[in-house]
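Colleague:
Residue numbers (the working numbering): 46 to 580.
(1) Cα separation between residue 515 and residue 401?
(2) Could you check if residue 75 is buried or exposed, using at least 16 other CB atoms within 10 Å of its CB as the buried criterion?
(3) So, are the CB atoms of residue 558 and residue 298 less than 8 angstroms apart?
(4) Would residue 69 be called buried (16 or more neighbouring beta carbons within 10 Å of its own) or exposed?
(5) Would residue 308 and residue 142 qualify as a contact pair, given that the criterion is a beta-carbon distance under 8 angstroms?
(6) Excluding the 5 residues flanking residue 387 on each side, which residues of the same chain have their C-beta closer than 8 angstroms to its C-beta?
(7) If contact is defined by three or more beta carbon pairs under 8 angstroms, each pair taking one atom from either stretch, is the segment 489-505 in contact with the segment 278-293?
(8) Would you mind giving the Cβ-Cβ distance between residue 581 and residue 254, rounded to the nearest angstrom? I have them listed as a contact below 8 angstroms.
(9) Should residue 117 and residue 147 be called a contact, given that it needs their Cβ atoms to be closer than 8 angstroms?
(10) Taking only three categories from DSSP, how would you classify residue 166?
(11) List in chain order: all unbroken alpha helix (DSSP H) runs of 4+ residues lying wholly within the segment 333-384.
(12) Considering only C-alpha positions, which residue in the set 225, 110, 359, 190 is nearest to residue 170?
(13) Considering Cα atoms alone, identify which of 181, 303, 227, 360 is closest to residue 490.
(14) Determine which residues share a DSSP beta bridge with residue 77 and list them.
(15) For residue 144 versus residue 122, is the C-beta distance shorter than 8 angstroms?
(16) For residue 336 and residue 302, which I take to be in contact (beta-carbon distance under 8 angstroms), what is that distance rounded to the nearest angstrom?
(17) Can you give me the Cβ contacts of residue 266 inside the same chain, cut-off strictly under 6 angstroms, excluding the 5 residues immediately before and after it?
(18) Under the three-state reduction of DSSP, which class applies to residue 139: helix, strand or coil?
(19) Please confirm whether residue 393 and residue 243 have their CB atoms less than 8 angstroms apart.
(20) Just verifying my parser: in three-state terms, what is the DSSP assignment at residue 128?
(21) Among 372, 536, 164, which has the Cα closest to the Cα of residue 229?
(22) May I ask you to report which of helix, strand or coil DSSP gives residue 528?
(23) For the candidate residues 376, 311, 321, 268, whose alpha-carbon lies nearest to that of residue 345?
(24) Should residue 399 go down as buried or exposed, given a rule of 16 or more other Cβ atoms within 10 Å for buried?
(25) Since residue 443 is in the beta strand (DSSP E), which residue starts that stretch and which ends it?
(26) What's the C-alpha gap between residue 126 and residue 113?
(27) Rounded to the nearest angstrom, what separates residue 419 and residue 240 at their Cα positions?
(28) Among all the DSSP beta bridges, which residues are the ones paired with residue 519?
(29) By DSSP, does residue 640 sit in helix, in strand, or in coil?
(30) Could you tell me the distance, in whole angstroms, from the CA atom of residue 179 to the CA atom of residue 119?
(31) State the Cα-Cα distance for the pair residue 158 and residue 231, rounded to the nearest angstrom.
(32) Could you say which of 380, 318, 320 lies nearest to residue 31 if we only look at CA atoms?
(33) Classify residue 230 as helix, strand or coil using the three-state DSSP reduction.
(34) Closer than 8 angstroms by C-beta to residue 91: which residues in its own chain qualify, once you throw out the five before and the five after it? Chain order, please.
(35) Out of 287, 293, 340, which has the shortest C-alpha to C-alpha gap to residue 270?
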């Protein structure tokens with residue numbers, strides 16, 4: 046099976062199930078597994094006391110239906126939730142969730158999303174009559190007769206090799222940007238992801254590249270948050286063109302783990318993962334934890350700061366009028382708010398404009414909006430003039446303020462060049478424009494085109510660091526312990542030369558992936574050949 050087939054389902058059947066279950070809320074005993082089946086030819090996977098909580102996260106009773114992604118005992122899980130009216134004796138509602146487990150040998154979710162539509166149908170039927178499990182029996186019988194071509198055609202050694210190749214691949218490595226993803230594929234939400242986070246998408250990317258433990262927290266429904274987890278894990282996993290610049294021994298950093306939906310019952314799992322990561326390379330800065338990204342609806346998770354490095358609070362404002370919506374808030378575990386840089390804003394404006402053109406093109410071609418109602422951008426405009434207005438009035442609450450040193454520099458440049466634009470600023474914009482490409486040209490593959498753009502930014506970053514290291518070591522004739530990165534090189538990497546956060550980021554990245562300390566020089570004024578640091 047090709048990588049494209051594994052991700053899109055083209056030319057392949059949905060994956061064989063390891064388990065199928067029905068979880069529901071019982072007014073006497075609480076959450077329970079009311080029905081279950083497991084494949085007899087795989088190791089026993091415990092279901093009771095685990096999957097009912099994973100498939101019915103906190104607060105889900107407040108929504109009518111939802112899809113929940115999770116991981117459990119080496120398997121990917123997907124459950125469809127449905128909330129149906131009931132009698133007063135049943136507290137006026139019936140909560141059920143029909144879930145599956147599939148092996149994690151074909152991607153982060155084992156292609157479980159190929160079963161999503163069937164699970165939704167089953168959940169809807171069982172919410173009306175939870176005692177009628179005949180549809181579940183029929184579905185399980187079908188699955189028991191189904192053979193997954195990938196797992197049966199490959200020997201165990203071949204399967205391990207296949208999984209290895211998959212682990213070192215990315216979605217865009219084999220899926221052309223002009224090929225659309227099928228319905229229910231989580232990467233279809235990538236445009237929504239960009240719209241919701243705005244310029245903060247670049248800060249999330251940086252945290253993920255540093256392999257931090259990232260926790261999204263927000264109210265149900267959780268499908269969008271689960272898909273955001275998938276998006277970030279895809280964006281932050283290193284494409285082949287970036288990995289080829291890394292030194293040996295860094296394979297454990299090439300892929301970013303996705304744990305999807307977590308609850309308080311998963312706290313022991315998170316603590317176990319942390320112990321395992323530390324035990325693999327104990328007390329070693331060179332081999333830190335590979336980190337993870339997940340989401341939760343439990344406020345208790347947010348209160349336990351030792352469990353995560355970065356927390357992302359997603360406002361429940363999808364249905365609010367555009368003028369009332371706001372950006373998410375990103376904080377480190379010590380409470381420090383993380384804001385986008387001024388260059389992030391400029392990059393986001395370019396990206397936002399390309400997505401606006403995409404929507405405009407789709408609307409012209411079909412008479413319909415390019416996105417569903419629940420994936421509309423935070424600030425939506427209906428004309429090119431309104432788009433330009435947005436570029437001048439974006440919400441600055443999530444952006445680092447313009448520093449006095451930068452203002453002084455810009456004033457100096459205007460004076461020194463008779464009002465001409467800063468050459469660095471012009472070059473940065475041209476570089477960002479080139480890396481982004483023309484996304485609006487890929488109407489049928491906008492999702493993969495966006496992912497490819499982020500991967501190009503990652504490749505440029507690692508390529509420039511590797512080039513600087515090679516040049517420094519060639520000049521010295523031996524390995525170096527410290528790398529000097531000046532303003533010009535920092536700018537070429539796609540980073541903001543005026544942002545202290547960006548300088549710390551590149552220092553941490555060079556140390557994490559290359560084991561070399563970085564001396565990052567900030568911006569400065571030059572007058573009569575004399576360099577005057579200003580930040």
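In this text, a Cβ means the ideal position worked out from N, Cα and C, and glycines have one as well.
Modeller: Well, looking at it:
(1) Answer to the nearest angstrom: the Cα atoms are 41 angstroms apart.
(2) With fewer than 16 Cβ atoms within 10 Å of its Cβ, residue 75 is classed as exposed.
(3) For residue 558 and residue 298, yes; Cβs fall inside 8 angstroms.
(4) When all chains shown are included, residue 69 counts as buried.
(5) Not a contact, by the Cβ cut-off of 8 angstroms.
(6) These residues qualify, in order along the chain: 444, 445, 447, 451, 541, 543, 544.
(7) Here the segment 278-293 lies against the segment 489-505, with 3 or more beta-carbon pairs under 8 angstroms apart.
(8) Outside the displayed range of the chain (46 to 580) lies residue 581, so it cannot be described from this structure.
(9) Judged by their CB atoms, residue 117 and residue 147 are not nearer to each other than the 8 angstroms cut-off.
(10) Here residue 166 sits in helix by DSSP.
(11) Inside the segment 333-384, DSSP marks whole alpha helix (DSSP H) runs of 4 or more residues at positions 344-348, from first to last along the chain.
(12) Comparing alpha carbon positions, the residue from 225, 110, 359, 190 closest to residue 170 is 110.
(13) Closest option to residue 490, Cα to Cα, is 227.
(14) According to DSSP, which records beta bridges pairwise, residue 77 is partnered with 69.
(15) Residue 144 is a Cβ neighbour of residue 122, given a cutoff of 8 angstroms.
(16) Rounded, the Cβ-Cβ distance is 7 angstroms, consistent with contact.
(17) Only 108, 111 meet the Cβ criterion.
(18) Reduced to three states, the DSSP call for residue 139 is strand.
(19) In terms of Cβ geometry, residue 393 and residue 243 form a close pair [threshold 8 angstroms].
(20) In the structure shown, residue 128 adopts extended strand secondary structure according to DSSP, grouped into three states.
(21) It is 164.
(22) Reduced to three states, the DSSP call for residue 528 is strand.
(23) When each option's Cα is compared against that of residue 345, the closest is 311.
(24) By the neighbour-count rule (16 or more Cβ atoms within 10 Å), residue 399 is buried.
(25) First-last for residue 443: undefined, no H or E at that position.
(26) For residue 126 and residue 113, the distance between alpha carbons rounds to 8 angstroms.
(27) Residue placement at residue 419 is flagged as unreliable, the pLDDT there being 43, under the threshold of 50; the coordinate-derived value follows with that caveat. Rounded to whole angstroms, residue 419 and residue 240 show a C-alpha spacing of 11 angstroms.
(28) Under DSSP, residue 519 shares a beta bridge with no residue.
(29) Since the first residue shown for the chain is 46 and the last is 580, residue 640 is missing from the structure and cannot be characterised.
(30) Those two C-alpha atoms are separated by around 28 angstroms.
(31) When rounded, the separation of the alpha-carbon atoms in residue 158 and residue 231 is 8 angstroms.
(32) Nothing about residue 31 can be read from this structure; the chain reaches only from 46 to 580.
(33) For residue 230, the three-state secondary structure derived from DSSP is coil.
(34) These residues qualify, in order along the chain: 118.
(35) Cα-wise, what sits closest to residue 270 is 340.
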